[in-house]
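By my numbering, the letter at position 289 of the sequence shown is numbered 298, and the numbering carries on one by one without gaps.
All residues carry an ideal CB built from backbone N, CA and C; glycine is no exception.
Presented below is the structure to which this report refers.
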Amino acid sequence: MILIDAIYINQGGGKVLLDLLINEAINRKLNVLFLLDERVRDDYLHLEDNVVFLNASLATRFYFYFKNKSLFNTVFAFGNYPPPIKLQCDVYTYFQNLLLIESDFVSIKLCIKKLIFKYLLDYTDHWIVQTNAVEKKLSQLIKFSSDIHVYPFYKQINIKIAIKTVDTTSIKFIYPGSAETYKNHLNLLMAFEKYSTRYPNSSLTLTVSDKYRGIVELIERLILKKVNIINLGWKANNEIISKCLESDVMIFPSKKESFGLGLLEAAQLNMPVISSDLDYVYEVIQPSSVFDPYDPNSIYNCMCDHRNFIHKPAKINIGNKLPDMISFIISNNNKKYVKK
């Protein structure tokens, strides 16, 4: 039996990829048990006896593995952390959180996560990452890059926006995503405030939840100053895609991404994308135009230079290798899991 452990995945880009992974396993009729976060129970009740829902904690995950460690021939830890104990089977770990190996800021919570991650490094046989850039950074830590395998995968979108005539005095920009520090909302908001004085009919749509109170309060202050910002709060992926269809340009100022699903979604929708001039962007798309994400004036100047991007959709640079990844991490087996 194969265990797919995604207990730490419950929202955002990871949740989008988990949906794809589960659908692929079901379609291939694999002998799989899924270990999932209790918070996503309602989304996966159709898995019936092939799923265990637990609270996402170190203790519950450890106890699950301790009790069931002999039941699996293969384990795929989908969510950065290898299993919490050493297993006598093939273990693959999907890594996507660069903050665990590098960080522009320090918090107690992040330090604890990094310590746990380093402690578990030797509890996996293979690592799977989405890009060559992440492979390079991870290999510097674990020192055996031959056991890091690059398998990018993402949601296929079969909708494309026709290239349209856009009034450059009223461009609708969108930046979907959460508001961690590395997402760079502060510099973006500074740039857009300046841009809106020149183009007051333009707009910027964001998806910042109340979890990021400081950024939300800044957005509210700018709205009071008549800056045309629309904050939708947290939205599911399908809602974000709908909002992209209503927008003209995706702007993506993030300073750090392991993959950048938003970039790929915009490129599939045939949207122009202006983004950070950083390696992670070029790994996945050819952007329409770029800026220095550390400089609000560079972001502003890029936004103003409409001719460089407005009729220039982004192009995808990376293939979807989900079937190849599944073939790599799984094998047929006859063990059965019985719920207790």
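Using a Cβ-Cβ cut-off of 8 angstroms (strictly less than) and excluding sequence neighbours within five positions of K78, which residues of its own chain qualify?
I94, L96, Q97
Note down, in chain order, each residue of its chain lying with its Cβ closer than 6 angstroms to the Cβ of Y132, except the 5 sequence neighbours on either side.
P91, P92, K95
Would you mind working out which of A65, L44, A275, E33 sits nearest I335, comparing C-alpha positions?
E33
With a cut-off of 8 angstroms, do at least 3 Cβ pairs link the region 256-270 to the region 287-296?
yes
Helix or strand or just coil, what does DSSP make of N342?
Residue placement at N342 is poorly supported in this model, since its pLDDT is 47, which falls under 50; the coordinates still yield a value, given next. Coil at N342, not helix or strand.
Would you please state the rounded distance, in angstroms, between the beta carbons of S211 and Y204? I believe it to be under 8 angstroms.
7 angstroms
Which whole-angstrom value is the C-beta distance of V175 and I319, which I expect to be below 8 angstroms?
5 angstroms
Quick check: the region 322-335 against the region 190-202, are at least 3 beta-carbon pairs closer than 8 angstroms?
no
Backbone CA spacing between N341 and L39 [nearest angstrom]:
In this prediction, N341 scores a pLDDT of 44, lower than 50, which makes its location untrustworthy; no coordinate-derived value is stated.
DSSP three-state call for F318: helix, strand or coil?
coil
Just to check my reading of the structure: L54 and A15 have Cβ atoms closer than 8 angstroms, yes? What is that Cβ distance to the nearest angstrom?
Not quite, the Cβ-Cβ distance comes to about 16 angstroms (not below 8 angstroms), so this is no contact.
Candidates P296, T206, F201, Y101: closest to I228 by CA position
F201
Considering only C-alpha positions, which residue in the set V25, F104, T178, F73 is nearest to T140?
F104
Skipping 5 residues on each side, what residues in its chain have a beta carbon closer than 8 angstroms to that of N196?
P262, P302, Y303, D304, P305, I308
Where L44 sits in the DSSP three-state scheme:
strand
Which of the three DSSP states is assigned to L213 in this structure?
strand
So, is R70 buried or exposed, given that buried needs 16 or more other C-beta atoms within 10 angstroms?
buried
Using the three-state DSSP reduction, which class does L197 fall into: helix, strand or coil?
helix
Which one or two residues does DSSP pair with N12 in a beta bridge?
This sequence places Leu at residue 12; Asn is not what is there. L42, V84, per the DSSP bridge assignment.
For N89, count the other beta carbons within 10 Å of its own beta carbon; 16 or more makes it buried, fewer makes it exposed. Which is it?
buried
Residue burial classification, F182 (beta-carbon count within 10 angstroms, cutoff 16)
buried
Spatial neighbours of K265 within its chain, please: CB distance less than 6 angstroms, with the 5 preceding and 5 following residues excluded, ordered by chain position.
L107, Y191
Cβ atoms of T83 and D99: under 7 angstroms apart, would you say?
yes
Boundaries (first-last residue) of the beta strand (DSSP E) holding S285
282-285
Tell me whether F73 sits in a helix, a strand or coil according to DSSP, three-state version.
helix
Neighbourhood of Q277 by C-beta, 6 angstroms cutoff - its chain only, sequence neighbours within 5 removed:
I166
For T214 and R230, the rounded distance between their alpha carbons
15 angstroms
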